[in-house]
Amino acid sequence: GGATPTPTTALATPTPAAATPTPAAATPTPAAAATPTVVVTPAAAAEPIRIGLIHGYTGVFAALAENLTRGIQLAFESIDNTVAGRKVTFVQEDDASNPEQGLTKTKQLVERDKVHLIIGYIHSGVALACRDYIHQSGVPTIIDNAGAQAITRDPQRRSPYIFRVSFANGQYEWPMGQYAFEQLGYKRLAFMAPDYAAGHEKAEPVKAAFQKAGGEIAGEVYPPLDTSDFAPFLQRIQQAQPDAVWAFFAGADAVRFVTQYQDFGLKDQIPLIGVGDLVDEAYLDQQGDAALDVVTSLHYSPYIDSPENEAFVDAFKKKYGRVPNQFAYQGYLAALVAAKALEAVQGKVEDTQAFLKALKGVQFTGPAGPFRFHPETQNVVITVYFRKVQRLPDGTLGNVVLGKRENVDDLSF
């Protein structure tokens, strides 16, 4: 993943220099045109703001990377890729969801490309591998997906340079524990998730919340990542006879799981609930009727009824021909947060401390409601939406909002 070519207009655009009408700026004398120092004064203002984008553009999370990046680009395009008179340019790197490669590419972005800000990290292993380097090099970083709890919840692993706009694993999941017991009326739940860190980090808080509400755990099954045949695991669920199954799977696993859940004959016997990834907009059409009536919790739905969300969904559909999913939203949000903080420091991103302070203080109403960071963890405080897959008037499937829980932070579970 090389650098995206810098737009040649970067130097031609009026810089803040034009705002202070010094004689030099007002009268472009041949002498001034010939002197390259015009570019350097005032203090690097003519230089573009460089943002490093690092995601797994190849490998298991390539589709997520594409959606995150689309969201980021859409937000910056809406402000003409310019903040406070400075052009914004992007350098894109592929970490291939490999921690070692992620660290190498992060170092390249900082040391070779001299980026002012990093937005990225899908895979928690990559984010954790880069944490110490980011902290030591002092480059402001906005994580747009990786959910590893330690990044923001652990006082030893937090960093003043790292912000997260997505979630901590468990943050949008745990409210489903209480909701399943109190609103959906389930007394016994079985749990299914892939057998790796995120699978357990997402399931544990839901189990705890469900038990606290009065529910009973009927069984737990953790198939390996990338399971092609879920039948033996579904058999164990059937034997446990729960009121419902809570599940977390993502990507190709989610498509297979939801489809096989129906094929195995469980759909009409035992309702399926879980995490938004299970029935993501990106593959709802592949799941078809198998996804109908699945209830999930997530920090986003394209069907949230607000002017901010409508504007985002319309702009995304117009450019990409489909509704945005949670990853497109997370990318869009990361870019909005960056742009608002850059605006607050008048584009002077070189003043790292002022920029970090501006990031910490960003507050606005976004597509999914009020946005703010938790002052201690620098992780987003979210509204959790309970959604149900329904057939929409146009015949397609969508995650329609049933209810919500506001002000959920990453220390709430």
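The opening position of the sequence shown corresponds to residue 1421 in this note's numbering, with each subsequent residue numbered one higher. By construction, the Cβ of each residue, glycine as well, lies at the ideal position given by its N, Cα and C atoms.
- Val1559 places its beta carbon 9 Å or farther from that of Tyr1541.
- In this structure, Pro1519 lies near Ala1549, with their beta-carbon atoms less than 9 Å apart.
- Three or more Cβ pairs closer than 8 Å define a contact, and the segment 1586-1596 meets that threshold against the segment 1797-1814.
- With respect to the C-alpha of Val1530, the residue from Gly1545, Gln1556, Gly1505, Val1546 having the closest C-alpha is Gln1556.
- Under the three-state reduction of DSSP output, Gly1597 falls in the helix class.
- Straight across, the Cα-Cα distance linking Leu1654 with Phe1833 is about 29 Å.
- Apart from sequence neighbours up to five positions away, the residues of its chain that approach Ser1544 with a beta-carbon distance below 7 Å are Ala1566, Gly1567, Ala1568, Ala1617, Ala1618, ordered along the chain.
- A residue is called buried once 16 or more other Cβ atoms fall within 10 Å of its Cβ, and Glu1497, having fewer, is exposed.
- If you look at Arg1807, you'll find it isn't in any alpha helix (DSSP H); it sits in the beta strand (DSSP E) that goes 1802-1811.
- Beta-bridge annotation (DSSP): Val1695 is paired with Ser1717.
- Restricting attention to alpha helix (DSSP H) runs no shorter than 4 residues, the segment 1553-1584 encloses them at 1570-1573, ordered along the chain.
- The segment 1465-1479 makes contact with the segment 1499-1517; the number of CB pairs closer than 8 Å reaches 3 or more.
- For Thr1509, the enclosing beta strand (DSSP E) starts and ends at 1506-1514.
- With respect to the C-alpha of Ala1755, the residue from Thr1716, Asn1501, Gly1597 having the closest C-alpha is Asn1501.
- Three or more Cβ pairs closer than 8 Å define a contact, and the segment 1776-1793 falls short of that threshold against the segment 1677-1695.
- Here the segment 1672-1681 does not lie against the segment 1769-1778, with fewer than 3 beta-carbon pairs under 8 Å apart.
- If you check the CB distance, Asp1713 and Gln1631 do not come in under 9 Å.
- According to the DSSP assignment, Leu1817 belongs to the beta strand (DSSP E) that extends over 1817-1828.
- In the DSSP assignment, Phe1784 falls within the unbroken beta strand (DSSP E) covering 1784-1786.
- Residue pairing by DSSP places Val1530 in no beta bridge whatsoever.
- Annotation: Leu1831 to Asn1819 spans about 27 Å, alpha carbon to alpha carbon.
- Judged by DSSP in its simplified three-state form, Gly1741 adopts coil rather than helix or strand.
- Lys1527 is classed as exposed because its beta carbon has fewer than 16 other beta carbons within 10 Å across all chains shown.
- In this structure, DSSP gives Leu1488 a helical state, which the three-state scheme calls helix.
- For Phe1611, the uninterrupted beta strand (DSSP E) segment begins and ends at 1608-1612.
- Comparing C-alpha distances from Gly1634 to each of Pro1644, Gln1603, Leu1645 shows the shortest one belongs to Gln1603.
- Runs of alpha helix (DSSP H) with 4 or more residues, each lying fully within the segment 1609-1691, are found at 1617-1633, 1651-1660, 1671-1683, listed in chain order.
- Scanning its chain for C-beta atoms nearer than 7 Å, with the 5 sequence neighbours on each side dropped, one finds around Ala1623 the residues Phe1611, Ala1613, Phe1668, in chain order.
- Annotation: the continuous beta strand (DSSP E) that includes Phe1791 extends over 1789-1791.
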